[in-house]
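Number of protein chains: 4
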Amino acid sequence: MITVKDSVHDHIEVEGVAAALLDTREVQRLRHIKQLGTVQLVYPSANHTRFEHSLGVYHLANRALSHLGIEGSLAERLRAAALLHDVGHGPYSHNIEALTYRHTGKYHDDVAELLARGEVGEVLREHDLDPAAVAGLVAGEGQYGQLVSGELDVDRMDYLVRDAHHTGVPYGTIDTGRLVRELTFVDGELVLDEGNVQTAESLLLARALMNPTVYQHHVARISKAMLRRAAERLLGEPDISASQIRRMDDHDLLASLRMTPSTAEFAHRLDRRDLYKRGVWAELDDVPQYVLDAPHEELREVEREVAEQTGVDPGEVIIDVPAEPSMKESSSRVVVNGDVRQLDRQSPLVSALRTAQRQQWRLGVYAPADAADRVGETAVDVLGLDIEGALVNYVRTGQRTTLDQFD
Amino acid sequence: MITVKDSVHDHIEVEGVAAALLDTREVQRLRHIKQLGTVQLVYPSANHTRFEHSLGVYHLANRALSHLGIEGSLAERLRAAALLHDVGHGPYSHNIEALTYRHTGKYHDDVAELLARGEVGEVLREHDLDPAAVAGLVAGEGQYGQLVSGELDVDRMDYLVRDAHHTGVPYGTIDTGRLVRELTFVDGELVLDEGNVQTAESLLLARALMNPTVYQHHVARISKAMLRRAAERLLGEPDISASQIRRMDDHDLLASLRMTPSTAEFAHRLDRRDLYKRGVWAELDDVPQYVLDAPHEELREVEREVAEQTGVDPGEVIIDVPAEPSMKESSSRVVVNGDVRQLDRQSPLVSALRTAQRQQWRLGVYAPADAADRVGETAVDVLGLDIEGALVNYVRTGQRTTLDQFD
Amino acid sequence: MITVKDSVHDHIEVEGVAAALLDTREVQRLRHIKQLGTVQLVYPSANHTRFEHSLGVYHLANRALSHLGIEGSLAERLRAAALLHDVGHGPYSHNIEALTYRHTGKYHDDVAELLARGEVGEVLREHDLDPAAVAGLVAGEGQYGQLVSGELDVDRMDYLVRDAHHTGVPYGTIDTGRLVRELTFVDGELVLDEGNVQTAESLLLARALMNPTVYQHHVARISKAMLRRAAERLLGEPDISASQIRRMDDHDLLASLRMTPSTAEFAHRLDRRDLYKRGVWAELDDVPQYVLDAPHEELREVEREVAEQTGVDPGEVIIDVPAEPSMKESSSRVVVNGDVRQLDRQSPLVSALRTAQRQQWRLGVYAPADAADRVGETAVDVLGLDIEGALVNYVRTGQRTTLDQFD
Amino acid sequence: MITVKDSVHDHIEVEGVAAALLDTREVQRLRHIKQLGTVQLVYPSANHTRFEHSLGVYHLANRALSHLGIEGSLAERLRAAALLHDVGHGPYSHNIEALTYRHTGKYHDDVAELLARGEVGEVLREHDLDPAAVAGLVAGEGQYGQLVSGELDVDRMDYLVRDAHHTGVPYGTIDTGRLVRELTFVDGELVLDEGNVQTAESLLLARALMNPTVYQHHVARISKAMLRRAAERLLGEPDISASQIRRMDDHDLLASLRMTPSTAEFAHRLDRRDLYKRGVWAELDDVPQYVLDAPHEELREVEREVAEQTGVDPGEVIIDVPAEPSMKESSSRVVVNGDVRQLDRQSPLVSALRTAQRQQWRLGVYAPADAADRVGETAVDVLGLDIEGALVNYVRTGQRTTLDQFD
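The listed protein sequences correspond, in order, to chains A, B, C and D. Count the first sequence with the UniProt record's numbering and you get residues 1 to 407, in order. Count the second sequence with the UniProt record's numbering and you get residues 1 to 407, in order. Count the third sequence with the UniProt record's numbering and you get residues 1 to 407, in order. Count the fourth sequence with the UniProt record's numbering and you get residues 1 to 407, in order.
Dropping the structure here:
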C-alpha cells in the first residue's frame with residue numbers, strides 16, 4: 001500500500017492494482033496536464049493537475065466501495081477505472097479535446113486502446129484484469145460504471161471540491177463524506193439513500209455556481225478559444241497529427257506552439273495574458289437556430305468572411321458557439337419515502353437550473369482588442385443575430401478594472 | 001482599536017464606538033447565548049455564540065462601509081447597529097422568542113428600549129449617537145438599515161459561513177469577500193453590482209441547503225419544541241415573567257428549568273438527549289388551512305385533547321406548526337446590463353426555491369417514544385390531516401441508526 | 001453504527017460499545033462543559049465542549065486501532081476508554097479541578113467509581129467489559145493505556161487541532177493523519193515509526209506555541225483564578241460539598257455562583273469581563289523557592305496579609321503560583337535507524353523547549369484594577385520577590401489597547 | 001485597482017504600480033515557474049507557481065505598509081519590490097539557480113538589470129520609480145528592504161502558508177495576520193512588537209518542520225539533483241548559454257531536456273518518476289571537512305571516478321553536498337519588556353534549532369536503483385566517509401512502500 005498526501009483529502013491510501021498503476025507512464029503523464037487548462041489565467045492558483053484529481057477520484061471510489069461492501073476482483077476493476085478515468089485526456093484537458101477527436105476516432109475507443117496497450121495494459125493483465133472491462137467502467141457502462149461516470153459519480157465529487165480549494169471560489173464545497181456514505185444500489189441503479197434530496201441537490205447547485213464563475217468564465221472561454229485556434233493551426237502543419245497532439249502534455253503543446261511560426265503569436269499572447277476581447281456576447285434567444293446547428297467548417301467560413309470585411313487577418317476572428325446546456329446530474333436518483341425517484345421529478349430546482357443554464361449561455365465573438373468593435377458589428381450582421389440582444393462590443397465601463405475574476 | 005481573533009474571519013479590528021460597546025453588559029451577555037440553540041443536539045460542534053456572530057457581523061459591516069466609502073457619524077451608527085443587532089435576543093436565541101413576545105410587547109420596541117437604557121445607551125450617547133437611530137438601523141429602516149437587516153444584509157453572510165464552520169456542514173460557504181466588495185447603492189437601494197447574479201443566487205442556495213440540513217433538522221425542531229414547552233410552563237409559574245425570561249442567558253434558563261419541578265423533566269430529557277419522537281410528519285398539502293391558521297391557544301387545546309384520548313400526560317403531546325415559508329433574499333437586487341433587477345425576476349432559481357421550501361415544510365406531532373405511535377394516529381384524526389400523506393409514526397427502519405445527523 | 005458530523009474530523013463513525021455509551025447521562029453531560037473554560041474570554045470563538053473533544057479522541061483512537069490491527073475485546077476497551085477519558089471532569093474543566101480534589105479523594109479513584117456505577121457501568125457490563133480495566137486505560141496504565149494517556153496519546157492530538165480550529169490560532173495544526181498512521185508498538189512501548197522525528201517534534205512544538213498564546217494567556221489565567229476563588233467561596237457555604245461541585249456542569253456552576261451572595265460579585269465580573277489586573281508578573285528566577293513550595297493555605301494567608309496592608313477587601317487579592325513546567329511529550333519514543341530512541345535524547349529541541357517553558361512561567365498577583373498597583377508593590381515585599389525582576393504594576397502602555405489576545 | 005482571487009489570502013487588491021506591473025511579460029512569466037520545483041514528485045498537489053506567491057508577498061507587504069503607516073512613493077517602491085522579488089528566478093526556481101549563476105554574473109546584478117530593462121523598467125519609470133532603488137529593496141538593502149528580504153520578511157510568511165496549503169503538510173500554518181500587524185520599526189530595525197516572542201519563534205519552528213518534511217525531503221533532493229545534472233549537460237551543448245536557460249520557464253526547460261539527446265534520459269526519468277536511489281546518506285559528523293569544502297569541479301571528478309570503478313556510465317553518479325545549514329530568522333528582533341532583543345539571545349529554541357538542522361543535514365550519493373548499492377560502497381571509500389555512520393545503500397525494508405511522502 002502506498003500513502004500519498006493530498007491537499008484536499010489529506011492522506012490517500014493507494015491499494016491493490018491502483019498502487020501498481022501509479023508509476024506507469026500513462027498515469028505519471030497526468031502530472032503534466034492542468035486540471036482546468038486556461039482557467040489559470042482567471043484564477044492564478046488553479047494550477048492543480050489531472051494526476052492529483054485522479055488520485056482523488058480513486059480515493060472517493062475506494063471509500064464508496066468500502067461503504068458499499070464491494071470487494072475482490074470487481075473492486076479492483078473499479079479502483080483501476082477510477083485512477084485511469086482521465087488517461088485519455090490530451091494536453092490542456094477539455095480545452096482542445098473536440099479538436100483532436102474531430103480528426104480521429106472516438107474518445108472511448110481511444111481510451112480502450114490506451115488501457116489495452118503500454119504499461120497500463122501490462123499492469124492490468126498482471127493483476128488478472130481485463131483492460132476492455134476497465135475501459136467499459138471508465139465509459140460508465142453497466143451497473144458499476146455509474147460510480148465512475150454517471151449522474152452520481154465520484155469524478156464530479158472530486159473536481160468540485162478540488163477546484164474550489166485551488167481557485168478559492170467556495171461554491172464547490174460539497175459534502176463528499178456524506179455523498180460516498182449515502183450511495184447505495186437499488187435494483188442495479190446507483191442512488192442516494194433516504195434523506196438525501198438536499199445532498200443530491202447540493203451537487204447540482206455546486207456545479208450551477210461553479211460553471212459561470214469558474215468553468216465558463218468569459219476570460220477562460222476566450223483563452224481556451226485562442227488555444228484551440230492555435231492547436232488547429234498546429235494541426236495544419238506538415239508532420240504533425242491529431243494523435244500526436246493528443247499524446248502531448250501541457251509542456252509539449254506550449255513548447256510546440258511557441259516554436260511553430262504559425263502559432264507563435266497565439267502562444268505569445270497566452271503567455272502574456274494579452275487576450276482577445278469580446279465583440280459579441282449574445283444570449284441564446286438572440287441566436288438563430290442555423291447558427292447553433294452550423295457545422296464546424298461553416299463557422300470557420302463565417303470567421304473568414306468577417307475577417308475579410310473588417311480587414312483583420314484571417315484567423316484573428318473567433319466565433320465561439322458552446323453546445324446547448326445539458327445537466328447530467330438532473331437524472332440522478334434518490335430514495336424518498338422508500339421509493340427511488342429521479343431528482344428532476346422530485347426537486348423543482350432541476351428545471352430551474354436548466355433555465356438558469358440557458359440564461360447563462362453565451363455565443364462569443366472574439367478579436368484583438370483594437371478590432372473587437374468592428375468585428376462584433378460585422379459578425380452580428382453576418383450571423384444574423386438579433387442586434388438588440390447581442391451585446392456588441394462588450395466593454396465594461398466604469399472605474400473598476402479587475403484583472404482576473406471580472407475582467 | 002481593539003483586535004479580536006475570530007475562528008471565521010481571523011483578526012477583527014474593532015473601531016470607534018464598537019470598541020466602547022464591546023465591554024457593555026448587554027453585549028457581553030451574548031457570550032452566553034448559543035447561536036444555534038438546540039441544533040447542538042444534532043451537530044455537537046455547533047456551540048458558537050451570538051457574541052462571536054455579532055463581532056462577525058460588525059466586521060463584515062465595517063468592511064462594506066470601507067468599500068462603500070461611508071465614513072463619519074453614519075459609519076459609527078452602522079457599526080453600532082451591526083454589533084448590537086442581536087442584543088434583544090433571549091436565551092436560546094430564536095428558540096423561545098415567539099413565546100416571550102407573545103406575552104409582552106413587540107421585539108423592536110424592546111430593542112429600542114434596550115439601546116436607549118443601560119450601559120449601551122450610555123456609550124451611544126457618549127459617542128453622540130442617537131439610540132433610536134441605531135435601533136432603526138437594527139430594524140432595517142431607511143436606506144442604510146438594509147445593510148444590517150435586509151435582503152443583502154451582513155447578518156446573513158456571517159451566520160451562513162459561521163454555522164458551516166461550526167457544524168461541519170459545508171453548504172453555507174458563501175464568498176463573503178466578494179459579497180462585501182460588490183455591494184453598492186443605486187437610487188437608495190442596496191444592490192449587488194454588475195456580474196453578480198450568481199453571487200446573489202449563492203446566498204439563497206446556501207440558505208436553501210442549510211435550512212433542511214441544519215436549521216430545520218427534525219431533531220433540532222423536536223428539541224426546540226420541547227424547550228419551548230418547558231419555557232411555557234416556566235412562564236406559568238408564579239413570580240416569573242416573560243420579560244425576566246427574555247433577559248436570561250442560556251445558563252439562567254437551563255438552571256431554572258432544572259430547578260423548577262414542573263419543567264425538570266423536560267430539562268432532564270434535553271440534558272440527556274432523550275427526546276420525543278415524531279408521531280406525525282405531514283407535508284403542507286396534507287394539512288387543512290384551518291390548522292395552519294389556528295391561533296396558538298387552539299393548538300394547545302388540540303394537544304390536550306389528543307393527550308386525553310391517548311392516555312398520556314397533558315403536556316406530553318406537542319404539535320409543531322411552522323410558519324409558511326418565506327424567502328427574504330428573493331427580492332434582493334442585482335445590476336444586470338446596467339439595470340437594477342429584482343432577483344426573483346432575473347433568476348429562475350428563486351421560484352424553484354420557493355417551491356422547494358414548501359416541499360420541505362412539515363407539520364410535526366411529537367410525543368415520548370413509547371406513545372408516539374398512538375399519539376400520531378389520534379392527532380391525524382383530530383387535526384383532520386390527509387392520513388395517506390401524513391407520515392404517521394415515522395420511524396426509520398433499517399440497520400443504520402444514526403445519532404445526530406439523520407436520526 | 002452511529003455517524004456524527006464533527007467540525008474537525010468531519011464524519012465520525014461511532015462503533016461498538018462507544019455507540020452504546022454515547023447516550024449515557026455521564027457522556028451527554030460533557031456537552032455542557034467547555035473544553036477551554038475561561039479561555040473563551042480571550043478567544044471568543046473557543047466555545048467547544050468536552051463532548052465533541054471526547055468524540056474526536058474516540059475517532060483518532062479508533063483509526064489508530066485499525067492501523068495497529070487491534071481488534072476484539074481489547075479494541076472495545078480502548079474505544080470505551082477514549083470516549084470516557086474526560087467523564088471525570090468537573091465544570092470548567094481543569095479550571096477548578098485542583099480545588100475540588102483538594103477536598104476529596106484522588107481523581108483517578110473518582111473516575112474508576114464513575115465508570116463502575118451509573119449508566120456507564122451498566123453499558124460496559126452489558127458489553128462484557130470490566131469497568132476497572134477501562135478506568136486503568138483512562139489512567140494510562142499498561143501497554144495500551146499509552147494510547148489514551150501517555151506521551152503520544154490521541155487526547156493531545158485531538159485537543160491541539162480542535163483548539164486551533166476554534167480559537168483561530170493556527171499553531172496547533174499538527175498532522176493527525178500521519179500521527180495515527182505512524183504509531184506502532186515496539187517491545188510493548190508505543191512509539192512513532194522510522195522517519196518521524198519531526199512528527200514527534202511537531203507535537204511538542206505545537207504545545208509549546210499554544211501554551212503561552214492560548215492555554216496560559218494571562219487573561220485566561222486571571223479569569224481562571226477568579227473562577228477558582230469564587231468556587232472556593234462556594235465550597236465554604238453550608239450545604240455544598242466538593243463532590244457536588246464536581247458533578248455540576250458549567251451551567252450549574254455559573255448559576256450557583258450568580259445566586260450565592262458571597263460569590264455573586266465574582267460571577268458578575270466574569271459575566272461582564274470586568275477582570276482583575278496584574279499587580280505582579282514575576283519570572284521564575286525572581287521567586288524564592290519557599291514561595292514555590294508554599295502550601296495552599298499559606299498563600300491564602302499571604303493574600304489576606306497583603307489585602308489588609310493595602311486596605312482592599314480580603315479575597316480581592318489573588319496570588320497565582322503555577323506548578324513548575326513539565327513536558328510529558330519529551331519522553332515520547334521514535335524509531336531512528338531501527339532503534340527506539342527517547343525524543344529528548346534524539347532532539348535538541350526538547351531541552352530548549354524546557355528552558356523556554358521556564359522562561360514563560362510567571363507568578364501573578366491580581367487585584368481589582370484600581371488596587372492592582374499598591375497590591376503589587378506590597379505583594380513584592382511580603383513574598384520577598386526580587387523587586388527588579390518582578391514586573392510590578394504591569395500595564396502595557398502605548399496607543400494600542402487590544403481587547404482579547406493581548407490585553 | 002485590480003482584485004485577484006487567491007487560494008490562500010482570498011481577495012488580493014492590487015494597487016498602484018503593482019497593478020501596472022501585473023501584466024508585464026516578466027511578471028506573467030512567473031505563472032510558468034512552479035514554486036517548489038521537483039517537490040511536486042513527493043507532494044502531488046504542490047503545483048503552485050511563483051506568480052501566485054508573488055501576489056501573496058505583495059499582499060502581505062501591502063497590509064504591513066498599511067499597519068506601519070507607510071504611504072506615497074516609498075510605499076510604491078515597496079509594493080513594486082514585493083511583487084517583483086522573484087522575477088529573477090530561472091525555471092524550476094531554486095533547483096538550478098546555483099548552476100546558472102556559476103556560469104554567469106551574480107544574481108542580484110541580474111535582477112537589477114532585469115528591473116531596469118524591458119516592460120518592468122518601463123512601468124517603473126512611468127510611475128517615477130527608480131529601478132535601481134527597487135532592486136535594492138529586493139536585495140534587502142536599507143531599513144525598508146528588510147520587509148522584502150530579511151529575517152522577518154513577507155516572502156517567508158507567504159511561502160510557509162502557501163506551501164502548507166498546497167502540499168497538505170500543516171506545519172507551515174503561521175499566523176500571517178498577527179505577523180503583519182505586529183511588525184514595527186525601532187531605530188531603523190524591523191522588529192516584532194512587545195508580546196511576540198512566540199510569534200517570532202513560530203516562524204522558525206514552521207521552517208524547522210517544513211524543511212525536512214517538504215523542502216529537503218530526500219525524494220525532492222534526488223529529483224532536484226537529477227534535474228540539475230540534466231541542466232548541466234544542456235549547458236554543455238553548443239548553442240545554449242546559461243543566461244538563455246535562466247530566462248526559460250518550466251515548459252521551455254522540460255521541452256529542451258526532452259528533445260536534447262544528451263538529456264532525454266534524465267527528462268524521461270523525471271517524467272516517469274523513475275528516480276535514482278540513495279547509495280549513501282551520511283550525517284554531517286561523518287563527512288570530512290575537505291569534502292564539505294570541495295569546489296564543484298572536484299566533486300564532479302569524484303563522481304567520474306566512482307562511476308568508473310563501479311562500471312556505471314559517467315554521469316549516473318550524483319554526489320549531493322548541501323551547504324551547511326544557516327538560519328536567517330535567528331537574528332530576527334523582538335521587543336521584550338521595552339527592549340529590542342535578538343531572537344537567538346532571547347529564545348533557547350534558536351540554538352536548539354541550529355543543532356537540529358545540523359542533525360538533519362545529509363550528504364547524498366545517488367545512482368540508478370540497480371547500481372545504488374555498489375556506487376554507495378565505492379563512494380564511501382573515495383570520499384573517505386566514516387563508513388559506520390554513512391548509511392550505505394539506504395533501503396527501507398518492511399512491508400510498507402510509500403510512494404510519495406516517505407519513499
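Just so it is clear, CB atoms sit at the ideal spot from N, CA and C, and this is done for glycine as well. Being a predicted model, the structure only gives us computed values, none of them experimental.
(request) Locate the beta strand (DSSP E) running through Q244/C, then write down its first and last residues. (result) No beta strand (DSSP E) holds Q244/C; the alpha helix (DSSP H) holding it covers A242 to R247.
(request) Kindly indicate if chain C contains any beta-carbon less than 8 Å away from that of G398/B. (result) Confidence at G398/B is low in this model, with a pLDDT of 31, below 50, so its placement is unreliable and no value can be given for it.
(message) Buried or exposed for Y92/B, going by 16 or more other Cβ atoms inside 10 Å?
(response) buried
(request) Determine the direct distance from the alpha carbon of L41/C to that of D163/C, and round the result to whole angstroms. (result) 14 Å
(message) If we require 3 or more residues per run, which beta strand (DSSP E) segments fall completely within the stretch 48 to 131 of chain A?
(response) Whole beta strand (DSSP E) segments, 3+ residues: zero.
(request) Would you decide whether A132/A is buried or exposed? Buried here means 16 or more other CB atoms lie within 10 Å of its CB. (result) exposed
(request) Below 9 Å between beta carbons is the criterion; list the residues of the stretch 15 to 42 of chain D that meet it against any residue of chain A, in chain order. (result) Against chain A - using a Cβ distance shorter than 9 Å - the residues of the stretch 15 to 42 of chain D are A19, L22, D23, T24, R25, Q28, R29, R31, H32, K34, Q40, L41 and V42.
(request) Reducing DSSP to helix, strand and coil, say where Y290/A ends up. (result) helix
(request) For P221/B, collect the residues of the same chain with a Cβ closer than 7 Å to its Cβ; drop the 5 residues on either side in sequence, then sort them by chain order. (result) It should be pointed out that residue 221/B corresponds to Arg in this sequence rather than to Pro. If we look at R221/B and ignore the five residues flanking it on each side, its Cβ neighbours are D320 and G364.
(request) Would you give the residue range spanned by the alpha helix (DSSP H) that T3/C belongs to? (result) Per DSSP, T3/C belongs to no alpha helix (DSSP H); it is in the beta strand (DSSP E), I2 to D6.
(message) Looking at chain D, is there any beta carbon in it that lies within less than 8 Å of the beta carbon of S330/C?
(response) no
(message) Quick check: Y107/A and R79/A, are their CB atoms within less than 8 Å of each other?
(response) no
(request) Could you spell out where the beta strand (DSSP E) holding L190/B opens and where it closes? (result) Start and end: E189 to L192.
(request) Could you tell me which chain D residues have their CB closer than 7 Å to the CB of K277/A, listed as they occur along the chain? (result) Correct list: empty, because the minimum Cβ distance to chain D is about 14 Å.
(message) On the DSSP letters alone, give me the boundaries of the alpha helix (DSSP H) that Y366/B sits inside.
(response) That residue, Y366/B, is in no alpha helix (DSSP H); its beta strand (DSSP E) goes R362 to A367.
(message) Please tell me whether T3/A has its Cβ less than 8 Å away from any Cβ of chain C.
(response) yes
(request) Quick one: which residues of the stretch 44 to 70 of chain D get their C-beta closer than 7 Å to a C-beta of chain A? List them in chain order. (result) P44, S45, N47, H48, T49, F51, E52 and L55
(message) Can you pull the chain A neighbours of S347/B, defined as C-beta to C-beta under 7 Å?
(response) In chain order: A356.
(message) Please list, in chain order, the chain B residues whose beta carbon lies closer than 7 Å to that of V169/C.
(response) K5
(message) Less than 8 Å between C-beta atoms, sequence neighbours within five positions excluded: which residues of the same chain meet that for N47/B?
(response) Excluding sequence neighbours, N47/B sits near K34, Q40 and H166.
(message) Buried or exposed, going by whether 16 or more other CB atoms sit within 10 Å of the CB of R354/A?
(response) buried
(message) Looking at the strands, I want to know which residues DSSP matches up with A282/D.
(response) L363/D
(request) State yes or no: is the C-beta of V186/B within less than 8 Å of the C-beta of A61/B? (result) Taking 8 Å as the Cβ cut-off, V186/B and A61/B do not qualify as a contacting pair.
(request) Return the Cβ separation of L344/B and V350/B in integer angstroms, given the expectation that the two are a contact with Cβ distance under 8 Å. (result) The question names Leu, but residue 344/B in the sequence shown is Asp. Cβ-Cβ separation between D344/B and V350/B: approximately 4 Å, consistent with a contact (criterion under 8 Å).
(request) For G188/A, count neighbouring C-beta atoms within 10 Å of its own C-beta (all shown protein chains included) and say buried if the count is 16 or more, exposed if not. (result) exposed
(request) Give me the Cα-Cα distance between G398/B and D271/A, rounded to the nearest whole angstrom. (result) Note on G398/B: pLDDT 31, under 50, position unreliable in the model; no value is reported.
(message) Quick check on this structure: which residue in S347/C, T173/C and M327/C has the alpha carbon closest to the alpha carbon of E151/C?
(response) Distance check between E151/C and each of S347/C, T173/C and M327/C places M327/C closest, using alpha-carbon atoms only.
(request) Could you tell me which chain A residues have their CB closer than 7 Å to the CB of G177/C, listed as they occur along the chain? (result) D10 and H11
(request) Label P288/D either buried or exposed according to how many other C-beta atoms from any shown protein chain fall within 10 Å of its C-beta, with 16 as the threshold for buried. (result) exposed
(request) State yes or no: is the beta carbon of Q405/C nearer than 8 Å to at least one beta carbon in chain B? (result) Low per-residue confidence applies at Q405/C: pLDDT is 34, beneath 50, and the placement is therefore not dependable enough to give any value.
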